[in-house]
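Participant:
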Amino acid sequence: MSKRTFTMIKPDAVKAGHIGKILEQITSAGFRIVALKMTQLSQSTAGAFYAVHRERPFYQELVDFMSSGPIVAAILEKENAVDDFRTLIGATNPADAAPGTIRALYAKNVGENAVHGSDSDENAVIESQFHFAGCDVYS
Ligand code: DAT
Ligand code: MG
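To get this note's numbering, take the position in the sequence shown, counting from 1, and add 7.
1) Leaving aside the five residues before and after residue 99 along the sequence, list all residues of the same chain whose C-beta is less than 7 Å from its C-beta, in chain order.
2) Check each candidate in 78, 133, 112 and name the one with the smallest Cα separation from residue 58.
3) Span of the alpha helix (DSSP H) holding residue 20?
4) Give the straight-line distance between the Cα atoms of residue 18 and residue 27, rounded to the nearest whole angstrom.
5) Shortest alpha-carbon distance to residue 52 belongs to which of 77, 85, 87?
6) When you compare the segment 26-44 with the segment 81-91, are there three or more beta-carbon pairs, one atom per stretch, that lie closer than 8 Å?
7) By the three-class DSSP mapping on this structure, what secondary structure does residue 129 have?
8) Run through DSSP, which three-state label would residue 25 get?
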């Protein structure tokens with residue numbers, strides 16, 4: 008059972024002023040924030056982060072969107088973190104996201120969908136290390 012996952016509050020939700028409400032929903036659900044920062048991805052770093060999707064038709068749109076404004080990146084700790092966080096954020100397309108999930112509440116559409124959540128323990132580690140040096144993770 009994983010203990011950590013990685014998340015980003017995406018540019019749409021940051022621009023809309025939802026950082027505080029989203030972090031509150033995350034911590035109320037039992038996740039502990041062990042690393043946190045506001046930053047803006049370049050085209051190059053957004054492209055590298057989402058390289059797994061580079062053959063998908065929406066890749067350039069995704070890179071443009073993710074580098075369009077600041078994001079908030081965080082590492083979250085909880086028992087069963089990866090799966091529980093995917094449940095908390097809801098489906099990729101907010102039209103399919105369960106009521107009360109972060110994407111149901113704050114996402115605009117399938118592309119601008121408010122938050123990222125790692126999809127496996129392995130990717131949680133890779134994504135966390137992409138964004139945070141070990142000395143900036145507080146356990
Ligand atoms: P998730 O973020 O739920 O893990 P994913 O890994 O399949 O979803 O896709 C990564 C991101 O790419 C997603 O959060 C938003 C964007 N995306 C996915 N499908 C899309 C589509 N059909 N059109 C536009 N953007 C899409
Ligand atoms: Mg994904």
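We treat Cβ as the ideally placed atom computed from N, Cα and C, and that holds for glycine.
Facilitator: Here's the rundown:
1) 117, 120
2) 133
3) 18-22
4) 14 Å
5) 77
6) Between the segment 26-44 and the segment 81-91 there are three or more inter-stretch CB-CB distances shorter than 8 Å, so the stretches are counted as touching.
7) helix
8) coil
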